[in-house]
Amino acid sequence: MKKYDEVNKYFKMKRKLIILVLCIVSNNYLTLSAQSLHNEFKIAYGVASGTEIGVALGSAIGASLGASIGIGIGDVVSIIVSGVPTNVTVVEVKTEQTPYFGTALLGYQRYLSKRVSVGTQFNYNPIRQVTKVTYSNGVTSENIYQYHYISLYARLDFNYVVQPKFQLYSAIMAGGMVELSESEWYFAPHLTVLGFRFGRDNALSAELGIGLGPLIALGYSRKF
3 MKKYDEVNKY
13 FKMKRKLIIL
23 VLCIVSNNYL
33 TLSAQSLHNE
43 FKIAYGVASG
53 TEIGVALGSA
63 IGASLGASIG
73 IGIGDVVSII
83 VSGVPTNVTV
93 VEVKTEQTPY
103 FGTALLGYQR
113 YLSKRVSVGT
123 QFNYNPIRQV
133 TKVTYSNGVT
143 SENIYQYHYI
153 SLYARLDFNY
163 VVQPKFQLYS
173 AIMAGGMVEL
183 SESEWYFAPH
193 LTVLGFRFGR
203 DNALSAELGI
213 GLGPLIALGY
223 SRKF
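Residue numbers (my numbering): 3 to 226.
Right, here's the structure in full:
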């Protein structure tokens with residue numbers, strides 16, 4: 003009888019151990035499954051975009067060549083001075099950009115696992131430029147240009163560090179960009195070199211990037 007009790011006790015302990023292991027495995031599986039179903043909504047604001055830098059460089063080169071407004075330094079043009087057409091010489095063509103609007107970002111991510119997510123991102127980057135032309139008689143005229151660039155990206159994120167309230171990640175984005183006054187789309191790549199997410203379901207984020215998007219972006223994200 004004693005031997006029977008020992009055998010019975012052994013099998014009970016083994017059964018409890020099996021149940022415990024199954025509970026742990028099931029819990030891990032359910033946690034991973036829940037994570038894979040997580041969606042994330044993002045909204046952010048970025049500064050110093052590659053688009054702004056590209057437009058500024060292109061305008062500076064165009065202004066020095068007179069390509070942006072069709073005239074160059076040394077050209078003789080006719081302007082109205084006190085109601086009278088007057089021939090003057092172009093002394094200086096200077097373009098100033100005021101990129102204070104920055105870039106608005108709106109994104110959606112779906113987690114395939116706790117480290118990998120895919121999604122899409124929309125960027126809106128308005129740019130304002132003022133071209134000042136100075137003539138030989140001291141008169142200065144201004145031409146104001148407004149640009150509205152929108153970009154639509156496909157996005158792939160990889161998380162290096164995944165903690166309940168902190169994530170460290172990088173992202174690769176590729177898509178198209180268009181200026182709203184035009185109809186031609188251009189290829190628009192962007193790389194998030196490092197991204198930092200602070201929080202659990204509701205979080206603040208900071209990203210450092212290279213490409214046509216902002217070089218620095220701060221935002222808010224919500225997992226659901």
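Note that CB positions come from ideal geometry on N, CA and C, so glycine has one too.
Give me the Cα-Cα distance between residue i and residue j, rounded to the nearest whole angstrom.
i	j	result
H150	I129	6 angstroms
Y113	V135	53 angstroms
T53	L214	5 angstroms
N41	S115	11 angstroms
Y222	V118	19 angstroms
F200	S51	23 angstroms
A190	Y137	39 angstroms
R202	S172	18 angstroms
G197	V141	49 angstroms
Q148	V57	11 angstroms
I146	S185	21 angstroms
Q169	L182	35 angstroms
N125	K167	27 angstroms
L193	I212	5 angstroms
Q111	I174	13 angstroms
F226	L59	42 angstroms
T105	E209	13 angstroms
V120	G48	21 angstroms
I55	S153	16 angstroms
Q123	F103	19 angstroms
V163	N127	31 angstroms
A219	T133	29 angstroms
For residue i, name the three-state secondary structure that DSSP assigns.
i	result
L59	helix
G211	strand
E184	coil
G52	helix
R230	With the chain covering only 3 through 226, there is no way to say anything about residue 230.
H150	strand
K134	strand
P166	coil
V141	coil
D203	coil
H192	strand
G221	strand
F198	strand
G104	coil
F226	coil
What's the call for residue i, buried or exposed, on a 16-neighbour Cβ count within 10 Å?
i	result
Q165	exposed
Q131	buried
D159	buried
S143	exposed
V195	exposed
N204	exposed
L217	buried
Given residue i, which residues of its chain have a CB within under 6 angstroms of its CB, disregarding the five upstream and five downstream residues?
i	result
I45	L108, G221, Y222
N161	R117, Q169, Y171
R224	F43, N204
Output needed for residue i: all residues of its chain with C-beta closer than 7 angstroms, excluding positions within five of it in sequence on either side, in chain order.
i	result
A176	Y155, A156, P191
L206	F200, Y222
Can you name, in chain order, every residue of its own chain whose Cβ lies under 8 angstroms from the Cβ of residue i, other than the five neighbours on each side?
i	result
Y188	G178, M179, V180
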